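Trainee: I'd like to ask some things about the structure below.
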């Protein structure tokens, strides 16, 4: 490329337009645009004609019709009388939930395993190696089935339970946890939390500036934790303890089908969610572990030695010297793992987790509006991917080497 | 570009089918008795036999058919887009499907209704005792809608767990994830065979819906629609007239004018639907009449053990009634 540009810049333009690289460049670009445009026009018009010929109704009106089917997890109020649009929205939120929790867990597991891969301890090192090699070579769908059916086969039935600390209960119907009930006055806790975050931000900025100017350190982490946890806690007591917990209710007598945990009391984390999140997190974590290992190994050992020579301890070396440099290598491939995890969550449909594809698929089948539904799927996954990579690119830029 | 446009607009399904030499038939992914592949990949079942009968009618060869296993979710799109020529996959005939999807239902080859299956040790004897139950079913079916209607109408809370494939529904129900497995009654009997101990489960007496199951074709191709419709009718009429794959050769010389018209010895009914006049003879000869395929696939002597019930001929107290060939 650069050679050609130099040529065209150095030599005066030739007489024939046909041989002018600039003109030819523009011509082929235009040609590409026209061909793409024609192709798009052909696809759209062909689809419209075929739909009309086969008497398939199209349009978005179906979204406000009554759905008529239920679901086993919705983050917003939803019933059989809600609309198709609402059903798709419920599926969308479920996708967001499983992707968010999955990304968080995958990152934590991935960093731990990735660092363990570099451990001098032979057992830890080999364990991490086996985990990575085993998990990333087994297809994800198989792992989802493994986690789901292994979970179902090994935990107590509906009428029994395992309890932990008398607060968490597990059986085949899911993991039951107490549900917080927000009474009037509880909004103060939220305000306190927001104030805590703002104060933490300001204090850590001030502490950093002070350290840069004077070299004096400030216990930032302890202060921030105190603000974020302590302030809402104080607000909670001042407002008169406005939050109560609704505990899951285990019924042991009466009609046999009503025994076990009462429906809609407390929070029930369904086994489909547990299995899907576990599978996604563990699978993706094996890739993240390799990315983290590669990232850390990319930082030359001289950096560690130099840091030690300056008198930094091991922990400080890792935190202040090695990890910041490793992050520059880690973030770009990490982004694609996050995108993969989000897209892979669509395998949910295999184990009855009502995600966007599952709910959308049901709507598709009830209405037959294939093109509209697939359009929604494409738009949602595209947007999620673009938002994720935009955020990660922003983060990457912040972490990038600032050349002075 | 041009090719896609011509096929879409020009040739009829019959011409397409004749050109490629076989019928592409959409079936379920594995429902014993209706459409199920064996270890060698040979498909058998009531729905499969309908496609084989169509192949016999068109080609005189019941094996000129290829099967595409489809999930409940994929089936209509596969038919609309031309991936399959006919959908013979325990599909319920409903008004919205008939009128809004660009499809035509060509008749009913099995009258079904939705039922519930539970573990015997729950001690439940009626579907009205299912309050608070968790219910396993397939996504994207009328089943899912019926169960919602039923539980709501009877004011019973429930939890739905909906899977894409029937095998996963069976697996989850077998593991105890759900108290109840609901689908068409025929499907319950078929899927029960896949459970660890089929004897521990019982199908409740309530039938909560009408599920007329039948073959489906694309709208706008009357010729193919007629072939599908009359293949089914020929099988039912053959049973009514006592024509079986065993006696069809002798029956060809029968004096009964109805049999003569059916088997092509009189009139030209085959040509009227674009086929040869021995179309129905071929169906009965190579596949059998309705009773034969029913008994071979789902009848009392099969593992499913389904009695004819309302699927008996109208003359035997059932509701199976095919228009006459005349």
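Residue numbers (our numbering), protein chains in the order written: chain A, 95 to 498; chain B, -5 to 320. For glycine and all other residues, C-beta sits at the position ideal for the given N, C-alpha and C. Nothing here was measured: the structure is a model prediction, and the numbers come from that model.
Using a Cβ-Cβ cutoff of less than 7 Å, which residues in the same chain neighbour residue 500 of chain A once the five nearest sequence positions on both sides are dropped?
Mentor: Residue 500 of chain A falls outside the range modelled here, since chain A spans only 95 to 498, and no answer is possible.
Trainee: For a quick check, are the C-beta atoms of residue 16 of chain B and residue 50 of chain B less than 8 Å apart?
Mentor: no
Trainee: Tell me which same chain residues have a C-beta within less than 6 Å of the C-beta of residue 118 of chain B, skipping the five on either side of it?
Mentor: 112
Trainee: By the three-class DSSP mapping on this structure, what secondary structure does residue 130 of chain B have?
Mentor: strand
Trainee: Assuming residue 27 of chain B and residue 292 of chain B form a contact by the criterion Cβ under 8 Å, report the distance between their Cβ atoms to the nearest whole angstrom.
Mentor: 4 Å
Trainee: Evaluate contact between the segment 233 to 242 of chain A and the segment 373 to 381 of chain A, counting only Cβ atoms and requiring at least three cross-stretch pairs below 8 Å.
Mentor: yes
Trainee: Locate the beta strand (DSSP E) running through residue 111 of chain B, then write down its first and last residues.
Mentor: 108 to 113
Trainee: Could you name the residues of chain B that residue 147 of chain A contacts, counting a contact when the two beta carbons are closer than 7 Å?
Mentor: 214
Trainee: Quick one: Cα of residue 501 of chain A to Cα of residue 412 of chain A, how far?
Mentor: Given that chain A is displayed from residue 95 to residue 498, the structure contains no residue 501 of chain A and the question cannot be resolved.
Trainee: The ligand HEM heavy atoms versus the CB of residue 153 of chain A: any closer than 7 Å?
Mentor: The ligand HEM is not among the ligands present in this structure, which contains no ligands whatsoever.
Trainee: Tell me the DSSP secondary structure of residue 28 of chain B in three-state form.
Mentor: Note: residue 28 of chain B maps to coil in three-state DSSP.
Trainee: Any C-beta of chain A within less than 7 Å: which residues of the segment 57 to 69 of chain B qualify?
Mentor: 66, 67
Trainee: Can you give, in chain order, each stretch of the beta strand (DSSP E) that sits fully within the segment 12 to 74 of chain B and has at least 3 residues?
Mentor: Taking only runs of at least 3 residues, the beta strand (DSSP E) segments lying wholly in the segment 12 to 74 of chain B are 17 to 21, 59 to 63.
Trainee: Between residue 321 of chain A and residue 293 of chain A, which are expected to be in contact by the criterion C-beta below 8 Å, what is the C-beta distance as a whole number of angstroms?
Mentor: 5 Å
Trainee: With three or more C-beta pairs closer than 8 Å as the rule, is the segment 196 to 205 of chain B touching the segment 28 to 47 of chain B?
Mentor: no
Trainee: What does DSSP give as the partner residue(s) for residue 205 of chain B in the beta ladder?
Mentor: B/106
Trainee: Output, in chain order, the set of chain B residues within a Cβ distance shorter than 7 Å of residue 466 of chain A.
Mentor: The contacting residues do not exist; residue 466 of chain A stays about 12 Å from chain B at best.
Trainee: Please report how far the alpha carbon of residue 427 of chain A lies from the alpha carbon of residue 30 of chain B, in whole angstroms.
Mentor: 44 Å
Trainee: Exposed or buried, residue 115 of chain B, counting other C-beta atoms within 10 Å across all chains shown (16 or more means buried)?
Mentor: exposed
Trainee: I'd like to know whether the C-beta of residue 225 of chain A is nearer than 8 Å to at least one C-beta of chain B.
Mentor: no
Trainee: I'd like to know if residue 490 of chain A contacts chain B, where contact means its C-beta is closer than 8 Å to some C-beta of that chain.
Mentor: no
Trainee: Any C-beta of chain A sitting closer than 8 Å to the C-beta of residue 41 of chain B?
Mentor: no
Trainee: Report buried or exposed for residue 338 of chain A, applying the criterion of at least 16 other Cβ atoms within 10 angstroms of its Cβ.
Mentor: Classified as exposed, residue 338 of chain A has fewer than 16 neighbouring CB atoms from the shown chains inside 10 Å of its CB.
Trainee: For residue 444 of chain A and residue 162 of chain B, which I take to be in contact (beta-carbon distance under 8 Å), what is that distance rounded to the nearest angstrom?
Mentor: 6 Å
Trainee: Leaving out the 5 sequence neighbours to the left and right, which residues in its chain are closer than 8 Å to residue 261 of chain A when beta-carbon positions are compared?
Mentor: 271, 272, 341
Trainee: Which of the three DSSP states is assigned to residue 188 of chain B in this structure?
Mentor: coil
Trainee: Quick one: does residue 157 of chain B have its CB under 8 Å from some CB of chain E?
Mentor: The chain labelled as chain E is not found among the protein chains of the depicted structure, namely A and B.
Trainee: So, under 8 Å CB-CB, residue 19 of chain B and residue 102 of chain B are touching, yes? Tell me the CB distance rounded to an integer number of Å.
Mentor: About 17 Å; that fails the 8 Å criterion.
Trainee: Comparing the C-beta of residue 107 of chain B with each C-beta of chain A, is any distance below 8 Å?
Mentor: no
Trainee: Against chain B, does residue 235 of chain A count as a neighbour if the rule is that its beta carbon must be under 8 Å from one of theirs?
Mentor: no
Trainee: 8 Å is my cut-off, CB to CB: does residue 310 of chain B come that close to chain A?
Mentor: no
Trainee: Listed in chain order, which residues of the segment 426 to 447 of chain A have Cβ atoms closer than 8 Å to some Cβ of chain B?
Mentor: 443, 444, 445, 446
Trainee: Which residues bound the alpha helix (DSSP H) around residue 251 of chain B?
Mentor: Element bounds for residue 251 of chain B: 251 to 257.
Trainee: For residue 488 of chain A, which beta-bridge partners are listed by DSSP?
Mentor: In DSSP, residue 488 of chain A forms no bridge with anything.
Trainee: For a test of the three-state rule: what should DSSP assign to residue 6 of chain B, helix, strand or coil?
Mentor: coil
Trainee: So residue 178 of chain B is in the beta strand (DSSP E); what residue range does that whole segment cover?
Mentor: 174 to 178
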